[in-house]
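Written out below as structure tokens is the structure these notes cover.
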Amino acid sequence: MPDSLMYQQDNFVVLETNQPEQFLTASELLEKLKIVLQQISDRDLPPDLYKFNSVEAQAQYLIDTSCELDIGPGEYLQWYAVRLEK
2 MPDSLMYQQD NFVVLETNQP EQFLTASELL EKLKIVLQQI SDRDLPPDLY
52 KFNSVEAQAQ YLIDTSCELD IGPGEYLQWY AVRLEK
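Here it is in structure tokens:
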């Protein structure tokens with residue numbers, strides 16, 4: 002049986018065009034994705050997000066199922082779950 006620690010997503014490293022890498026908590030990433038999704042035209046959203054009625058549900062779906070979002074030509078937004086040790 003796999004260790005449940007493998008599936009914890011408490012912290013993420015976020016890579017963004019022309020920005021240094023950032024370490025965000027799950028709630029911080031959710032807020033960031035909500036802001037980015039609000040700035041993207043509905044027609045430019047990934048088709049699998051159309052089924053959600055709220056930006057928060059779309060952002061949570063992305064966190065749970067993806068690791069990147071196409072935000073425009075030559076731009077990127079990627080996130081990867083990381084385990085930070087103290």
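Read left to right, the sequence shown gives residues 2 to 87 (this note's numbering). Cβ atoms here follow ideal geometry from the backbone N, Cα and C, with glycine treated the same way.
Tell me whether the beta-carbon of residue i lies closer than 8 Å to the beta-carbon of residue j.
{"i": "residue 63", "j": "residue 72", "result": "no"}
{"i": "residue 27", "j": "residue 49", "result": "no"}
{"i": "residue 61", "j": "residue 31", "result": "yes"}
Just confirm the distance between the C-beta atoms of residue i and residue j, as a whole number of angstroms; I'd bet it's less than 8 Å.
{"i": "residue 81", "j": "residue 24", "result": "Not quite, the Cβ-Cβ distance comes to about 11 Å (not below 8 Å), so this is no contact."}
{"i": "residue 35", "j": "residue 57", "result": "6 Å"}
May I have the straight-line CA-CA distance separating residue i from residue j, to the nearest angstrom?
{"i": "residue 70", "j": "residue 85", "result": "24 Å"}
{"i": "residue 90", "j": "residue 47", "result": "Because the chain is modelled from 2 through 87, residue 90 falls outside the range shown and cannot be assessed."}
{"i": "residue 22", "j": "residue 15", "result": "6 Å"}
{"i": "residue 45", "j": "residue 51", "result": "11 Å"}
{"i": "residue 76", "j": "residue 66", "result": "20 Å"}
{"i": "residue 74", "j": "residue 19", "result": "14 Å"}
{"i": "residue 39", "j": "residue 68", "result": "18 Å"}
{"i": "residue 37", "j": "residue 43", "result": "12 Å"}
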